Amino acid sequence: MISTGVLTDARIDRYSRQIILPEVGGRGQQRLLASRVVVGPATLPELSPDCRLTRHAEGAPPPDAAVIVDLTGRPASAVTLGRHAGATGRPFVVGVWRGARGVVASAVRRPCGACCPAATLATGDAAPATPALAASLALAVGALAAAETLGLLLGAPNAGRARHLDVATGACVALPVPQGAGCELCGGTA
1491 MISTGVLTDA
1501 RIDRYSRQII
1511 LPEVGGRGQQ
1521 RLLASRVVVG
1531 PATLPELSPD
1541 CRLTRHAEGA
1551 PPPDAAVIVD
1561 LTGRPASAVT
1571 LGRHAGATGR
1581 PFVVGVWRGA
1591 RGVVASAVRR
1601 PCGACCPAAT
1611 LATGDAAPAT
1621 PALAASLALA
1631 VGALAAAETL
1641 GLLLGAPNAG
1651 RARHLDVATG
1661 ACVALPVPQG
1671 AGCELCGGTA
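What follows is the structure, encoded as structure tokens:
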């Protein structure tokens, strides 16, 4: 959870590199400071004095948030958080990786987090990754998920997309996320 969005002199000094970016600016930084993001289950350290992490038990209903993020790689967690995102009308960002391939997908409105097709997150027959590639892939998936989340918090238009990354070949492809069939939450149809 992030604190109130007031830009004090100390915060302007701390976030000046972001504030000067046209994509962020002062208003965008205020939006970021006032935002709440659910990362399930949260395993991140507190990185900034303005950032507060509130841990909740896995399986417990997630708190309200502007964006819901799942990087656990566990299907049960993605389903639970995706359904919560769909039911509350919140964007859902999910990242998975296996071998040398990773996928980061966002579901915004239609498809919602509940009906984002499982095939969207398929990593296929990923080549085994060396330990160095595996660590690099985990960081790359986390960075892509963070960038997607920041874009959603800053109001960037997004209808849902999936970024497929292969660290063995260096390939990265972005594709639209197809709607799930017959979703009771968003009315998605195949």
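Going from the sequence shown to my numbering is simple: count from 1 and add 1490.
Idealized CB from N, CA, C, for every residue including glycine.
All values derive from a computational prediction rather than experimental measurement.
Beta bridge counterpart(s) of residue i as assigned by DSSP
i	result
Arg1599	Answer is none; Arg1599 lacks a bridge partner.
Ile1558	Val1528, Phe1582
Gly1592	Trp1587, Leu1655
Pro1666	Arg1651
Ala1637	Paired residues: none, contrary to the question.
Ala1661	Asp1656
Proximity to residue i [Cα-Cα], best of the options
i	options	result
Val1583	Arg1591, Val1598, Gly1645, Ala1566	Val1598
Ala1676	Cys1605, Leu1623, Pro1621, Arg1653	Note that residue 1676 is Cys in the sequence shown here, rather than Ala. Cα-wise, what sits closest to Cys1676 is Cys1605.
Ser1525	Cys1662, Leu1665, Gly1645, Gly1563	Gly1645
Cys1662	Gly1650, Glu1674, Leu1634	Leu1634
Gln1669	Thr1639, Ala1608, His1654	Ala1608
Glu1674	Leu1523, Gly1579, Gln1508	Gly1579
Val1557	Leu1511, Arg1501, Pro1621, Cys1602	Cys1602
Arg1443	Gly1585, Gly1515, Arg1504	For the chain, the structure presents residues 1491 to 1680; residue 1443 sits outside this window and is missing.
Val1657	Ala1566, Pro1618, Ala1575	Pro1618
Gly1576	Arg1564, Gly1563, Asp1554, Thr1562	Asp1554
Ser1596	Leu1497, Pro1552, Ala1568	Ala1568
Asn1648	Leu1655, Glu1638, Pro1621	Glu1638
Arg1517	Leu1497, Arg1504, Arg1507	Leu1497
Thr1672	Gly1572, Arg1600, Thr1620, His1654	It is Gly, not Thr, that sits at residue 1672 in the sequence shown. The residue with the shortest Cα to Cα distance from Gly1672 is Arg1600.
Pro1552	Gly1563, Thr1570, Ser1506	Thr1570
Pro1565	His1574, Leu1523, Leu1611	Leu1611
His1441	Pro1512, Leu1623, Pro1621, Ala1550	Residue numbering for the chain in the displayed model covers 1491 to 1680; residue 1441 lies beyond these limits and cannot be assessed.
Integer Cβ distance of residue i from residue j, believed to fall under 8 Å
i	j	result
Arg1521	Leu1643	6 Å
Val1594	Val1631	6 Å
Val1559	Val1514	Incorrect: roughly 19 Å between the Cβ atoms, too far for contact.
Ile1502	Ile1509	7 Å
Arg1653	Ala1664	5 Å
Query raised in the report: Are the stretch 1621 to 1639 and the stretch 1589 to 1604 touching, with three or more C-beta to C-beta distances below 8 Å?
Result: In this structure the stretch 1621 to 1639 lies against the stretch 1589 to 1604, because at least three pairs of beta carbons, one per stretch, are closer than 8 Å.
Query - Completely contained alpha helix (DSSP H) runs for the stretch 1497 to 1525, where each covers 4 or more residues - result: At a cut-off of 4 residues, the continuous stretches assigned as alpha helix (DSSP H) that sit fully inside the stretch 1497 to 1525 are 1499 to 1504, 1506 to 1509, 1515 to 1524.
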